[in-house]
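Position 55, counted from 1, in the sequence shown is what my numbering calls 912; the numbers after and before it change by one each time, with no gaps.
We treat Cβ as the ideally placed atom computed from N, Cα and C, and that holds for glycine.
Single-structure report; data block below.
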Amino acid sequence: MRKRVAAEIGGAGRAECPECGATWVAGVDRRSNAVYCSRRCVTRAWRARKESFGERSQ
Ligand SMILES: [Zn+2]
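This is how it looks when you write it as structure tokens:
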């Protein structure tokens, strides 16, 4: 709990999910190298990227 507060005050590792906009404290709530908030967002972003890539190549 104290670690989380310190990280938030320091502003270190503030991360935002590019898919749904959720925020978390990297290194506390999630891994410091996490990009998306959840596996669901990882899959959704991956799917959207794949679909747009398919449209472009046609
Ligand atoms: Zn998300």
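Per DSSP, reduced to three states, the secondary structure at residue 876 is coil, with no helix or strand assignment. Counting of Cβ neighbours within 10 angstroms places residue 882 among the buried residues, the total reaching 16 or more.
Residues of the same chain with a CB within less than 6 Å of the CB of residue 879, apart from the 5 flanking positions on each side, are 894 in chain order.
At a threshold of 6 Å, residue 879 counts as near ligand 1, since its beta carbon sits closer than that to one of the ligand's heavy atoms. Put simply, of 875, 859 and 905 the residue whose alpha carbon is nearest the alpha carbon of residue 891 is 875.
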